[in-house]
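A.B. asks: The sequence shown begins at 651 in this note's numbering and counts up one residue at a time.
Glycine is no exception: its CB is placed at the ideal position from the N, C-alpha and C atoms.
Here it is, the structure, as structure tokens.
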Amino acid sequence: MLDFNLKGKVFVTCKDRSVSYLEKEVRELGFVPEAVTRTGIELKATMEECMDLNLYLRTASQVLYEIKSFYLRNADDIYRRFKAIPWEDYLDVDGYFSVNSVAENESITTPLIVNVKVKDAIVDRFREIKGRRPDSGSDFNGLVFQVYWKETQCSVYINTSGDTLAKHGYRKIPGKAPMMEALAAATIYATEWNTRVPFINPMCGSGTLAIEAALMATKRYPGLYRDHYSFQHILGYDEQAFLAKKKKLESKIMELPDLKIIASDISLQAISFAQENAITAGVDHMIEFQVCDFAETEIPERPRGVIMFNPEYGERLGENDELQLTYKRMGDFLKQKCAGYRGYIFTGNLELAKKIGLKASRRIEFWNGTIDCRLLKYDLYEGKKEE
């Protein structure tokens, strides 16, 4: 079985353009990155520490623990090379596993070929050694093996997370066009908001930004809301160690009576969804929900904080005309009612963003799925800028 205290090569993945926020989180947990790429961070960690990474990280997608790296020439060599790996050291014969792969090799036309050949190698090895084989499938309900193969270099990992960490587990009602929780957390990190000033989220939809802000402020980590990970299916896993880590998460929660978070939406249904999600997350008592047009959102006079919009992008035909007015009204609202605040608008439509009528001091790049997005920052000065 795997020694959970053995240091190994670990790669923590994230969405492209989010790695700087992931690096900040990783360093705050006490890890020192050995390499930083566009979509992840390489570091040294034990499987025990991988459990912590899964429980604490807000902006990550997966935590991958390397078990083998080798030369692989072409598809004809896959079965032989993978059958030589001691899978019985990681996986119980009565367990369940799945294989996922990313392959860039001229002999491969689809990653499914790699998945099938690797799965066949694993089950055939088990049959020879154990006389029977573990179950397998495409879902991530058991132990997940991840293969990265580029040209002639192949690395095999245990995906210790299983399903993506980008979903934080509290959002039972996603609502209309929701922002993934990891992306919401990354955008809040980008605002450099601190908990001593208000966080205002007009047009809040299902409440993801406001809820993530409350979670971050009170040190409620994603692991509080999730009980299933791939690492729980590794031979050598200690359930009591996991439960102790969950208990430690609970002890880190800080209640902040002066925390001011306001979330508004013109849709009563959206606010209802947001409240339900906030209840699931345990932060409903920290967020003031308002049903109103965004221009009627309460803006506290002091202290001045952060106001953040995530409006629609106008992806469907005929929406742009209406949204042009909405974007102009957002700009007017920021200028007329939010003096002294730092304003942010997250959008995937830069043509509509021109209608805001304010000059952005920063244009921070993100991806929302496949949509090229910007988090636009507006410094909303009181009086003239030079003052």
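With the cut-off set at 8 Å, would you say Ile949 and Ile850 are in Cβ contact?
C.D. replies: In contact: Ile949 and Ile850 (Cβ atoms closer than 8 Å).
A.B. asks: What does the alpha-carbon distance come out to for the pair Phe944 and Met853?
C.D. replies: Between Phe944 and Met853, the C-alpha separation is close to 6 Å.
A.B. asks: Should Phe661 and Tyr807 be called a contact, given that it needs their Cβ atoms to be closer than 8 Å?
C.D. replies: Result yes, Cβ atoms of Phe661 and Tyr807 sit closer than 8 Å.
A.B. asks: Mind the definition here: the stretch 677 to 693 touches the stretch 841 to 848 only if three or more C-beta pairs lie below 8 Å; say whether that holds.
C.D. replies: Result no; under three Cβ-Cβ pairs closer than 8 Å.
A.B. asks: If you reduce the DSSP assignment to three classes, tell me which class Ala685 lands in.
C.D. replies: Looking at Ala685 - three-state DSSP - the assignment turns out to be strand.
A.B. asks: Looking only at its chain, what residues have a beta carbon closer than 8 Å to the beta carbon of Ser801, apart from the 5 residues adjacent to it on each side?
C.D. replies: Looking at the sequence provided, one finds Glu at residue 801 rather than Ser. Result list for Glu801: Glu754 and Asn755, in chain order.
A.B. asks: With Asn704 and Tyr879 assumed to form a contact (beta carbons below 8 Å), what rounded beta-carbon distance in angstroms separates them?
C.D. replies: With a Cβ gap of about 5 Å, Asn704 and Tyr879 count as contacting.
A.B. asks: Since Met936 and Leu899 are thought to touch, with beta carbons under 8 Å apart, how far apart are those beta carbons, to the nearest angstrom?
C.D. replies: In fact, because the Cβ distance is near 18 Å, the residues do not count as touching under 8 Å.
A.B. asks: Within 8 Å, do at least three Cβ pairs link the stretch 765 to 776 to the stretch 719 to 729?
C.D. replies: Because the criterion of three Cβ pairs below 8 Å is met, the stretch 719 to 729 and the stretch 765 to 776 touch.
A.B. asks: In whole angstroms, what separates the C-alpha of Lys1004 from that of Asn1018?
C.D. replies: Between Lys1004 and Asn1018, the C-alpha separation is close to 20 Å.
A.B. asks: Rounded to whole angstroms, what's the CA-CA distance from Asp877 to Thr930? Just pull it up for me.
C.D. replies: Near 14 Å, if we compare the C-alpha coordinates of Thr930 and Asp877.
A.B. asks: Taking 8 Å as the limit between beta carbons, can you name the residues of its chain near Ser780, skipping five residues before and five after?
C.D. replies: According to the sequence provided, residue 780 is Lys. The question's Ser does not apply to it. The residues are Glu738 and Val743.
A.B. asks: Go ahead and label Arg1013 buried or exposed: buried means 16 or more other beta carbons lie within 10 angstroms of its beta carbon, across all protein chains shown.
C.D. replies: Exposed, by the Cβ-count rule.
A.B. asks: Rounded to a whole number of angstroms, what is the C-alpha to C-alpha distance between Phe747 and Ile772?
C.D. replies: So the two alpha carbons sit approximately 10 Å from each other.
A.B. asks: Thr689 to Arg667, Cα distance in whole Å?
C.D. replies: Roughly 7 Å between the two C-alpha positions.
A.B. asks: Would you mind reading off the limits of the beta strand (DSSP E) that contains Thr997?
C.D. replies: That run of the beta strand (DSSP E) goes Arg992 to Thr997.
A.B. asks: Kindly list the residues whose CB is nearer than 6 Å to the CB of Ala832, restricted to its own chain and excluding five residues on each side of it in sequence; keep chain order.
C.D. replies: Cβ neighbours of Ala832 beyond the five flanking positions: Thr709 and Ala816.
A.B. asks: I'd like to check one pair, Leu793 with Tyr740: are the Cβ atoms closer than 8 Å?
C.D. replies: In contact: Tyr740 and Leu793 (Cβ atoms closer than 8 Å).
A.B. asks: Taking the Cβ atom as the reference point for each residue, do Val933 and Arg870 lie within a distance shorter than 8 Å?
C.D. replies: Yes. Within cutoff.
A.B. asks: Report the three-state DSSP secondary structure of Ile903 (helix, strand or coil).
C.D. replies: It is coil, neither helix nor strand.
A.B. asks: Tell me whether Ala836 is buried or exposed, calling it buried when 16 or more other Cβ atoms sit within 10 Å of its Cβ.
C.D. replies: It is buried - the Cβ of Ala836 has at least 16 other Cβ atoms within 10 Å.
A.B. asks: Taking Cβ to Cβ, would you say Leu973 is nearer than 8 Å to Gly964?
C.D. replies: Yes.
A.B. asks: Kindly indicate the opening and closing residues of the alpha helix (DSSP H) around Ile1014.
C.D. replies: Ile1014 -> not in any alpha helix (DSSP H); beta strand (DSSP E) instead, spanning Arg1012 to Asn1018.
A.B. asks: Just to confirm, are Leu1026 and Tyr994 a CB contact at a threshold of 8 Å?
C.D. replies: Yes, Cβ-Cβ distance for Leu1026 and Tyr994 is below 8 Å.
A.B. asks: Output needed for Leu656: all residues of its chain with C-beta closer than 8 Å, excluding positions within five of it in sequence on either side, in chain order.
C.D. replies: Once the five neighbours on either side are set aside, the close Cβ partners of Leu656 are Thr696 and Met697.
A.B. asks: In whole angstroms, give me the CA-to-CA distance for Thr1020 and Tyr671.
C.D. replies: Approximately 19 Å between the Cα atoms of the pair.
A.B. asks: Out of curiosity, what's the CA-to-CA distance linking Thr627 and Arg723?
C.D. replies: The requested residue 627 is not part of the displayed model; the chain covers only 651 to 1037.
A.B. asks: Given a cut-off of 8 Å on the beta-carbon distance, is the pair Val686 and Val669 in contact?
C.D. replies: In contact: Val686 and Val669 (Cβ atoms closer than 8 Å).
A.B. asks: I'd like the ranges of any alpha helix (DSSP H) spanning at least 4 consecutive residues and lying wholly in the stretch 841 to 889.
C.D. replies: Those alpha helix (DSSP H) runs which fall completely within the stretch 841 to 889 and span 4+ residues are 858 to 867.
A.B. asks: State the Cα-Cα distance for the pair Glu1037 and Gly990, rounded to the nearest angstrom.
C.D. replies: Any answer about Glu1037 is weak, because its pLDDT of 38 lies below 50 and its placement is not dependable; what the coordinates show is given next. Approximately 12 Å between the Cα atoms of the pair.
A.B. asks: Span of the alpha helix (DSSP H) holding Lys659?
C.D. replies: That residue, Lys659, is in no alpha helix (DSSP H); its beta strand (DSSP E) goes Gly658 to Thr663.
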